[in-house]
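Step one of this worksheet: look at the structure below.
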């Protein structure tokens, strides 16, 4: 499991726009870099990121080798109702990780 | 080599004029601007408009050919520290007096004699301030 | 002569953290725990700190509560080995003796994680190297190493990071080279790394041999650097280019 | 991992080498995003440092002026570059539930170049802005 840092409020007023900041540990090996023996290291990157709010997708991103190692992605969403936000990263070599956070909306 | 013997050698380089093979200025320019080979632009700036980032640890190379003779340039490049022990400029042609040199570079000068001649030939062309 | 004046000016000045030499954007990345990639290691270190390890079945947290201020005082004198010890070495030692757990090698991810977790608890506190006289000989050797020219390029640490700090090597601003941000996230590494790794960088950069991680030379340099940067705030995990 | 450091090593021992994308590559990637629609200037702000000390991690933020209502919102933000091996950087898709049309990330830059940020709107229009970024050469690197 890759280490993940998620920053978002635990609670919010209904209708408020909340900021979500995510970091995940991943080398984002670009597929363009020569290794020690001179041959190119195979690409190993995260290609997709999704955020769902109570099951409904609210944000999605397609990543390329031009995203830095240990990808940082920050975006916003409207606090509509109490429930669960789910974050999924997918990539090369069957990489797949999902994290969830609950939010209380009042 | 003792430091005084080294200074004598450096001085001899300064005034001597044995038959040095003629260097190639174009090759010399390539060495000067190559940041892994000559390393010059890490410390010096110079009239190299295509080189965006040049260091400021040492004087500009502009006008070097007007300020120095070939012998003086050769001496400074070959063994700057023989002339001035406090200089941070590496002695490009000297291997004595170094310590803890990594195995890949041990007993090898930074530039060969022929490469130094190329650099000298190039620097002599820098006559504009 | 301009340089001489610059040197005289710097000698009188307070130590300057590398943070002050970075762009506004990198300073912001360092200061923002939600964007500083070093915090990924911090979080891992926090988890490792709570985990029971080794034959003793103890977690770091079973003995230690707050370790605030500890990192600011390392390297310290270790009476058991009658030698200086740095924070990573102290964690290795504690792990071997108190937890009786398998050793974590220098520069390994778990050791970096634990080290940055402890170091961060001193964030903002001034580097306060101990005055213990037993450290003095090693610290003096560290200073001598700092001033010793070495490698094919025949440069000392001091020639760049003391005498020419603030000038540009190529396009790179030469920082004073203080040790207040380690372990740090170096963009060049795309990872967290220790002060020893950074020292090794410079040694190999001047085409010199570099001692193996954990060698006495590094400890001596670390001791001198702690003294040299005394008063600077701990910034771990710092972000540096 | 190769940890052999060099002074003033490679032009950039960067993670992104070697050949740069061609202008045609970038145009094709842009076309794939816009479907060939014209780009208009405005409504998009790209906050990226003009001068970066290391191209491995460059923080940036894109902000699009949009009411983000069901009837009128930004549907996507895409970033393109000129001189990395591939023209794409990131494409983010969202809708009115985002509340604000914003995206922040850390990107890689193989060398000094122009970055193009494009926003797609629910009315089918595309808006853009660009920024030049100078990447300084690292003096001491681990290659």
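Residue numbers (my numbering), protein chains in the order written: chain A, 37 to 142; chain B, 179 to 307; chain C, 306 to 546; chain D, 20 to 162. Note that CB positions come from ideal geometry on N, CA and C, so glycine has one too.
For residue 78/D, the enclosing beta strand (DSSP E) stretches over residues 77-83.
For a cut-off of 8 Å, the C-beta gap from residue 72/D to residue 344/C is around 20 Å, too long to register as a contact. Following the DSSP letters along the chain, one finds residue 206/B inside the alpha helix (DSSP H) bounded by residues 203-211. DSSP places residue 442/C inside the alpha helix (DSSP H), whose first and last residues are 441-452. Of all alpha-carbon atoms in 300/B, 305/B, 304/B, the one lying nearest the alpha-carbon of residue 209/B is that of 300/B.
The stretch 94-102 of chain D makes contact with the stretch 119-136 of chain D, as at least three CB pairs between them are under 8 Å.
DSSP, reduced to helix, strand and coil, places residue 60/D within a strand of the structure shown.
For residue 383/C, the enclosing beta strand (DSSP E) starts and ends at 381-383. Closer than 8 Å to the CB of residue 100/A there is at least one CB belonging to chain D. With a threshold of 8 Å between beta carbons, residue 499/C makes no contact with chain A. For the stretch 462-487 of chain C, the residues whose beta carbon sits under 9 Å from a beta carbon of chain B are, in order, 464, 465, 468, 469, 472, 473, 474, 475, 476, 477, 479.
A contact between stretches requires three or more CB pairs, one per stretch, nearer than 8 Å, and the stretch 498-511 of chain C fails this requirement with the stretch 345-364 of chain C. Under DSSP, residue 122/A takes part in a beta bridge, and its partners are 88/A, 136/A. The beta carbon of residue 57/A sits closer than 8 Å to some beta carbon of chain C. Of all residues in the stretch 426-451 of chain C, none comes within less than 8 Å of chain B when Cβ atoms are compared. CA-CA distance, residue 422/C to residue 489/C, rounds to 12 Å. Counting every other CB atom within 10 Å of its CB across the protein chains shown gives residue 485/C a total of 16 or more, marking it as buried.
Residue 512/C sits in coil when the DSSP states are folded into three classes, being neither helix nor strand. Sixteen is the threshold: when 16 or more other Cβ atoms of the shown chains lie within 10 Å of the Cβ of residue 261/B, as they do, the residue is buried. Under DSSP, residue 125/D takes part in a beta bridge, and its partners are 78/D. Interface annotation for the stretch 111-141 of chain D against chain A: 111, 112, 113, 114, 115, 116, 117, 118, 119, 120, 121, 122, 123, 124, 125, 126, 127, 128, 129, criterion Cβ-Cβ distance under 9 Å. Where residue 152/D is concerned, the enclosing beta strand (DSSP E) starts and stops at 145-154. Cβ neighbours of residue 53/D within its own chain (closer than 8 Å, five residues either side excluded): 137, 139, 145. Taking 8 Å as the cut-off, the Cβ atoms of residue 68/D and residue 152/D count as close.
Following the DSSP letters along the chain, one finds residue 298/B inside the alpha helix (DSSP H) bounded by residues 291-302.
Classified as exposed, residue 452/C has fewer than 16 neighbouring CB atoms from the shown chains inside 10 Å of its CB. Just measuring C-alpha positions, the residue of 273/B, 289/B, 223/B, 297/B sitting nearest residue 238/B is 223/B. Shortest Cα-Cα distance from residue 404/C to any of 372/C, 323/C, 360/C involves 360/C.
The beta carbon of residue 98/A lies closer than 7 Å to those of 83, 84 in the same chain, with the five residues before and after it left out. Residue environment: residue 305/B is assigned as exposed (fewer than 16 neighbouring CB atoms within 10 Å of its CB, all protein chains considered).
Within chain A, the residues 57, 59, 108, 110 have their CB atoms less than 8 Å from the CB of residue 340/C, given in chain order. With its beta carbon less than 8 Å from one in chain C, residue 105/A belongs to the interface. Between the stretch 116-133 of chain D and the stretch 77-91 of chain D there are three or more C-beta pairs closer than 8 Å, enough to call the two in contact.
Contact annotation for residue 75/D against chain C: 492, 493, 495 [CB-CB distance below 7 Å, chain order].
Residues of the stretch 96-111 of chain D with a Cβ closer than 7 Å to any Cβ of chain A, in chain order: 100, 103, 104, 105, 107, 108, 109, 110, 111. Rounded to whole angstroms, the separation of the alpha carbons of residue 334/C and residue 40/D is 29 Å.
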